[in-house]
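Numbering-wise (our numbering), the sequence shown opens with residue 862 and increments by one.
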Amino acid sequence: MKSENIKNSKAAVVLLSGGQDSTTCLYWAKQRFDTVLAIGFDYNQRHKLELEQAKLIAKEANVELCLMELPILSDITKNALVNCNISVETYNENQFQKSPPNTEVVGRNMLFLTYAAIYAKQYSIENIVTGVSQTDFSGYPDCREAFILSLEKTLTLSMDYPYKIHTPLMHINKAQAWELADKLGILNIIKNKTLTCYNGIIGDGCTACPACALRKRGYEEFIKRKI
Ligand code: ZN
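The following block contains the structure:
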């Protein structure tokens, strides 16, 4: 359904980056809502390819994708996701428990969810879906439930509009996220078309960067349980 025809509250806006988590959320939302729209952001991220994957994934899912340009984010932050001359830190769980890795884009989720909320209200949509998780997260503070609940309240107050931010992955680990993708019947899409890797390799990725390490560990655990 095209966005201009939406008139019911059984609709949701999904934040789509072209990665494993947001793609799983896209299909999760498709199962629960009559109408689903997607929103993606171009913020001069390291790999433009993820936007191409987001476009492809949205097209295959028959979901309209709005791509918003936010290049300013890369001018005012310094991290490995937007500065190609900073190399991505390799996976070290102990260190990430103390401070977020250098791939943290400060304030990103707050900005993205705020834009998603403005976009949603335009179409009388109250539901927003995002793939953040505090279970197997990389130490990013804006992936935690406390932040999401707080922002939901703030957005509701700021626009006098009853937003609901859905976080289907919040309390599940990566293995369970693979299990959810399996239940949704999208294992192949997640495995072959999503881009999670910080080094820009689609699918299984480079296997060494923090995102790949999490994804690989989760997949192996999921397969072990499935057998
Ligand atoms: Zn990687």
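Even glycine gets a Cβ: it sits at the ideal position worked out from N, Cα and C. Computed from a predicted structure; not experimentally measured.
Of the residues assessed, residue 991 falls on the buried side of the cut-off, its CB having 16 or more other CB atoms within 10 angstroms. Rounded to whole angstroms, the gap between the alpha carbons of residue 1063 and residue 993 is 20 Å.
Counting the other Cβ atoms within 10 Å of the Cβ of residue 1046 gives fewer than 16, which makes it exposed. Nearest in C-alpha terms to residue 925, of all of 872, 935, 904, is 872. Counting C-beta pairs closer than 8 Å gives fewer than three between the segment 905-918 and the segment 1020-1033, which falls short of the contact rule. Contact annotation: residue 932 and residue 905 have beta-carbon atoms nearer than 8 Å. When the Cα atoms are used, residue 985 and residue 894 turn out to be separated by approximately 14 Å. The DSSP-derived three-state label of residue 890 is helix. Those residues whose C-beta sits under 7 Å from the nearest heavy atom of ligand 1 are, from N- to C-terminal order along the chain, 1058, 1059, 1060, 1062, 1066, 1067, 1068, 1069, 1070, 1072, 1073.
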